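J.:
Protein chains: 2
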Amino acid sequence: MTDNPTTTEEIAELLVYLGRATRGADAGSDLTAVQWTAMRFFARANQLSRTPSAFASFNATTRGTASQIIKSLMQKGFLVRHQAVDDRRSVRLDLTRSGQEIMRYDPLRDLSEAIDQLEGRLRRALRQALPALAGELAKIRGTVAFGTCGDCRHFSDSGAASYCACVDAELALADLGCLCVNFAASESRKATMPSLKSKEIS
Amino acid sequence: MTDNPTTTEEIAELLVYLGRATRGADAGSDLTAVQWTAMRFFARANQLSRTPSAFASFNATTRGTASQIIKSLMQKGFLVRHQAVDDRRSVRLDLTRSGQEIMRYDPLRDLSEAIDQLEGRLRRALRQALPALAGELAKIRGTVAFGTCGDCRHFSDSGAASYCACVDAELALADLGCLCVNFAASESRKATMPSLKSKEIS
DNA sequence: CACATTTGATTTCGCTTCGATACTAATATT
DNA sequence: AATATTAGTATCGAAGCGAAATCAAATGTG
């Protein structure tokens, strides 16, 4: 089977279909779909990115909406707010103990199980293709992409020490798999334009 | 890099992230995110599946909600309703001329472009992995999956003629890439249970 | 045939979600 | 010091969506 022109659109539609299909399972659980998304984000983002603005950007929504979602999760006792030390405007959200516990019932586990059923070759290809896709998409849109530090261009693994050029600091091993707002896709050819449209949130 | 246990979750999160990211672009366009989804569905589903119920199932929502979305698109003049001949309860939705034209401005094209930027190996892997994933997910959930006739178990390509065992009819070449409600994933091991929970829409 | 049941589609109602706007406070810039 | 920008929040109105009720056609059962 060769690559006919419709293949691309089929892939695109399958991606949004899978995204929507996972939303379906969220109904009937303890949290709504966005609330689960927020919980996942704050569970996986690094210290720097665990803020309302970063989540708004991640979830392609406004800061106002992000605030509401976060407020509802704080009222449920799943998130706590901490003042940032360096910038007193900024706040940092952390999962509470019960917040960590409820993640054990994340409906996304259905999808994870399905991924586990895939043969290793396909799973590895997904692991490689999806971050690249997110980076490309962000470049086309002129928005920021999110990705894990391990996939980031700012990251260099020089033997024993792991260094992030963005934060200018060593990275703890635990941070390698974390989401970061300053993510820059590494495998894309170098950007020809600054591409700072910032259309998303004014 | 070997497959550590967190890889699976990363893939899952990337999938929902990409799904959500595409929704973001829909804001500011002529249609809302659901309306675009509906337009895509009716543009790509085969004759049999171009109905409100099928779309409700595809979009993991209720028939009532599906009706509303369709009504709004008919009022905008992008869809027309036709009575089915064999079952007079059923209706079939088709894109109007202006409906076909607006698809040229589908915001999903951003994602398609990003996919085009991928190297062929990864694109082919996606083309293979995503349908399998949709099938697995549906099996775990006990819901119906959607897929194209070309990927379907009911389909057999015996030389010149293409035959669908489900409809018991020859398939036009144009139908091969169409979405079908009766899709059954072909690469999954044979189902051990009937799996007819039908939890979605009573 | 008469009757109940199921299925496809639609409408109505009420709650939730979400985006736009406006606003406050802290930091950056000039 | 004055202005601009940024982080976060609150408010309001419109849209989305799920549940339930309704209607019509098809199917099943005695």
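Chains A and B, in that order, are what the protein sequence lines are.
Counting with the working numbering, you get residues 1143 to 1344 for the letters of the first sequence.
Counting with the working numbering, you get residues 1143 to 1344 for the letters of the second sequence.
The beta-carbon is built from N, C-alpha and C at its ideal position, and this holds for glycine as well.
Note that this is a predicted model, so its numbers are computed, not measured.
#1: So if I threshold CB-CB distances at 9 angstroms, which residues from the segment 1183–1206 of chain B count as touching chain A?
#2: For residue 1161(A), collect the residues of the same chain with a Cβ closer than 8 angstroms to its Cβ; drop the 5 residues on either side in sequence, then sort them by chain order.
#3: Given a cut-off of 9 angstroms, decide if residue 1244(A) and residue 1157(A) are closer than it, judged by their beta-carbon atoms.
#4: Thinking just about the alpha-carbon of each residue, which of 1159(A), 1192(A), 1292(A) and 1238(A) is nearest to the one in residue 1232(A)?
#5: For the beta strand (DSSP E) containing residue 1233(B), name the first residue and the last one.
#6: Please check the pair residue 1182(B) and residue 1152(A), which I expect to be a contact at CB under 8 angstroms, by giving their CB distance rounded to whole angstroms.
#7: Does residue 1159(B) come within less than 9 angstroms of chain A when only Cβ atoms are used?
#8: Whole angstroms is fine: what's the gap from residue 1242(A)'s alpha carbon to residue 1199(A)'s?
#9: Grouping DSSP H, G and I as helix and E and B as strand, with all else coil, what is residue 1262(B)?
#10: On the DSSP letters alone, give me the boundaries of the beta strand (DSSP E) that residue 1223(A) sits inside.
#11: For the alpha helix (DSSP H) containing residue 1214(A), list its first residue and its last residue.
#12: Whose CA, out of 1202(A), 1283(A), 1185(A) and 1207(A), lies closest to the CA of residue 1239(A)?
#13: What residue does the alpha helix (DSSP H) around residue 1176(B) start on, and which one ends it?
#14: Find the nearest neighbour of residue 1228(B) within the set 1189(B), 1248(B) and 1207(B), judged by alpha-carbon distance.
#15: Is it buried or exposed, residue 1247(B), if we count other Cβ atoms within 10 angstroms and call 16 or more buried?
#16: Is the beta carbon of residue 1180(A) less than 9 angstroms from the beta carbon of residue 1197(A)?
#17: Taking 9 angstroms as the CB-CB cut-off, is residue 1174(B) touching chain A?
#18: For residue 1201(B) and residue 1210(B), what's the separation of their Cα atoms in angstroms?
#19: What's the call for residue 1217(B), buried or exposed, on a 16-neighbour Cβ count within 10 Å?
#20: Exposed or buried, what is residue 1223(B) when buried is set at 16 or more other beta-carbons lying within 10 Å of its beta-carbon?
#21: Going by DSSP, which residues form a beta bridge with residue 1289(B)?
#22: On a Cα-Cα basis, can you pick out the residue from 1250(B), 1257(B), 1273(B) and 1252(B) that is closest to residue 1257(A)?
#23: Tell me whether the beta-carbon of residue 1276(A) lies closer than 9 angstroms to the beta-carbon of residue 1264(B).
#24: Kindly indicate if chain B contains any beta-carbon less than 9 angstroms away from that of residue 1237(A).
#25: Indicate whether residue 1278(A) and residue 1259(B) have their beta-carbon atoms separated by less than 9 angstroms.
#26: State buried or exposed for residue 1219(B), treating a residue as buried only when at least 16 other CB atoms are found within 10 Å of its CB.
#27: Using three-state DSSP, classify residue 1337(A) as helix, strand or coil.
#28: Might you give, ordered along the chain, the residues of its own chain that have their beta carbon closer than 8 angstroms to the beta carbon of residue 1171(A), omitting 5 neighbours on each side?
#29: Does any C-beta atom of chain A lie closer than 9 angstroms to the C-beta of residue 1242(B)?
#30: So which residues of chain B does residue 1156(A) contact, with C-beta pairs closer than 7 angstroms?
#31: DSSP on residue 1150(A), reduced to helix/strand/coil?
#32: Using only alpha-carbon positions, find the residue among 1194(B), 1213(B), 1165(B) and 1214(B) that is nearest to residue 1205(B).
#33: Quick check on residue 1165(B): buried or exposed, where buried means 16 or more other Cβ atoms within 10 Å of its Cβ?
#34: My assumption, with CB atoms under 8 angstroms, is that residue 1221(B) sits in contact with residue 1237(B). Please give the rounded CB distance.
T.: Reading off the structure:
#1: Cβ contacts with chain A come from 1183, 1186, 1200, 1201, 1202 and 1203.
#2: For this step, residue 1161(A) is matched to residue 19 along the first sequence. Correct list: empty, nothing qualifies.
#3: Mapped onto the first sequence, residue 1157(A) falls at position 15. Mapped onto the first sequence, residue 1244(A) falls at position 102. The answer is no: Cβ separation not under 9 angstroms.
#4: Looking up residue 1232(A) in the first sequence gives position 90. Among 1159(A), 1192(A), 1292(A) and 1238(A), the Cα nearest to that of residue 1232(A) is on 1192(A).
#5: Taking the second sequence and counting its residues from 1, the one referred to as residue 1233(B) is at position 91. Element bounds for residue 1233(B): 1233–1237.
#6: The residue labelled residue 1182(B) in the question sits at position 40 within the second sequence. The residue labelled residue 1152(A) in the question sits at position 10 within the first sequence. The pair is not a contact, with the Cβ atoms about 11 angstroms apart (cut-off 8 angstroms).
#7: For this step, residue 1159(B) is matched to residue 17 along the second sequence. By this cut-off, residue 1159(B) is an interface position.
#8: As a position in the first sequence, residue 1242(A) is number 100, starting the count at 1. As a position in the first sequence, residue 1199(A) is number 57, starting the count at 1. Distance from the CA of residue 1242(A) to the CA of residue 1199(A), rounded to the nearest whole angstrom, comes to 23 angstroms.
#9: Within the second sequence, residue 1262(B) is the residue found at index 120, counting from 1. Three-state DSSP puts residue 1262(B) in a helix.
#10: The sequence position of residue 1223(A) within the first sequence is 81, counting from 1. Run containing residue 1223(A): 1221–1225, per the beta strand (DSSP E) assignment.
#11: Residue mapping note: residue 1214(A) aligns to position 72 of the first sequence, counting from 1. Here the alpha helix (DSSP H) through residue 1214(A) covers 1205–1217.
#12: To locate residue 1239(A), count along the first sequence from 1; it is residue 97. Out of 1202(A), 1283(A), 1185(A) and 1207(A), 1185(A) has the C-alpha closest to the C-alpha of residue 1239(A).
#13: Reading the second sequence from its first residue, position 34 is the one you call residue 1176(B). Element bounds for residue 1176(B): 1175–1186.
#14: Reading the second sequence from its first residue, position 86 is the one you call residue 1228(B). It is 1189(B) whose Cα lies nearest to the Cα of residue 1228(B).
#15: Taking the second sequence and counting its residues from 1, one reaches residue 1247(B) at position 105. When all chains shown are included, residue 1247(B) counts as exposed.
#16: On the first sequence, residue 1180(A) is found 38 positions in, with the first residue counted as 1. On the first sequence, residue 1197(A) is found 55 positions in, with the first residue counted as 1. Yes.
#17: Within the second sequence, the letter at position 32 stands for residue 1174(B). It does not; no Cβ of chain A falls within 9 angstroms.
#18: Taking the second sequence and counting its residues from 1, one reaches residue 1201(B) at position 59. Taking the second sequence and counting its residues from 1, one reaches residue 1210(B) at position 68. Between residue 1201(B) and residue 1210(B), the C-alpha separation is close to 13 angstroms.
#19: Indexing the second sequence from 1 puts residue 1217(B) at position 75. Residue 1217(B) is exposed by the Cβ-count criterion.
#20: By one-based count along the second sequence, residue 1223(B) stands at place 81. By the neighbour-count rule (16 or more Cβ atoms within 10 Å), residue 1223(B) is not buried but exposed.
#21: Against the second sequence, residue 1289(B) aligns to sequence position 147. DSSP, once it has assigned bridges, lists 1322(B) as partnering residue 1289(B).
#22: As a working note, residue 1257(A) is residue 115 in the first sequence. Between residue 1257(A) and the set 1250(B), 1257(B), 1273(B) and 1252(B), the nearest pair of CA atoms involves 1273(B).
#23: Along the first sequence, read from residue 1 onward, the residue named residue 1276(A) stands at position 134. Along the second sequence, read from residue 1 onward, the residue named residue 1264(B) stands at position 122. Not a contact, by the Cβ cut-off of 9 angstroms.
#24: Against the first sequence, residue 1237(A) aligns to sequence position 95. No Cβ of chain B is located within less than 9 angstroms of the beta carbon of residue 1237(A).
#25: Reading the first sequence from its first residue, position 136 is the one you call residue 1278(A). Reading the second sequence from its first residue, position 117 is the one you call residue 1259(B). Cβ distance < 9 angstroms, so residue 1278(A) and residue 1259(B) count as in contact.
#26: Within the second sequence, the letter at position 77 stands for residue 1219(B). Exposed is the label assigned to residue 1219(B), since fewer than 16 other Cβ atoms lie within 10 Å of its Cβ.
#27: Here residue 1337(A) is taken as the residue at index 195 of the first sequence, counted from 1. With a pLDDT of only 29 at residue 1337(A), under the threshold of 50, the placement of this residue in the model should not be trusted; the figure read from the coordinates follows. The DSSP-derived three-state label of residue 1337(A) is coil.
#28: In the first sequence, counting from the first residue as 1, residue 1171(A) sits at position 29. For residue 1171(A), where only same-chain residues beyond five positions count, the Cβ hits under 8 angstroms are 1178, 1247 and 1249.
#29: Counting from one through the second sequence, the residue named residue 1242(B) turns up at place 100. Closer than 9 angstroms: no.
#30: To locate residue 1156(A), count along the first sequence from 1; it is residue 14. Correct list: 1272, 1273 and 1276.
#31: Within the first sequence, the letter at position 8 stands for residue 1150(A). Helix, per DSSP.
#32: Here residue 1205(B) refers to the residue found at position 63 of the second sequence. Ranking 1194(B), 1213(B), 1165(B) and 1214(B) by Cα distance to residue 1205(B) puts 1194(B) first.
#33: Working through the second sequence from its first residue, we reach residue 1165(B) at position 23. In this structure residue 1165(B) is buried. Its beta-carbon is surrounded by 16 or more other beta-carbon atoms within 10 angstroms.
#34: Here residue 1221(B) is taken as the residue at index 79 of the second sequence, counted from 1. Here residue 1237(B) is taken as the residue at index 95 of the second sequence, counted from 1. Between residue 1237(B) and residue 1221(B) the Cβ distance is about 6 angstroms, and since that is below 8 angstroms, they are a contact.
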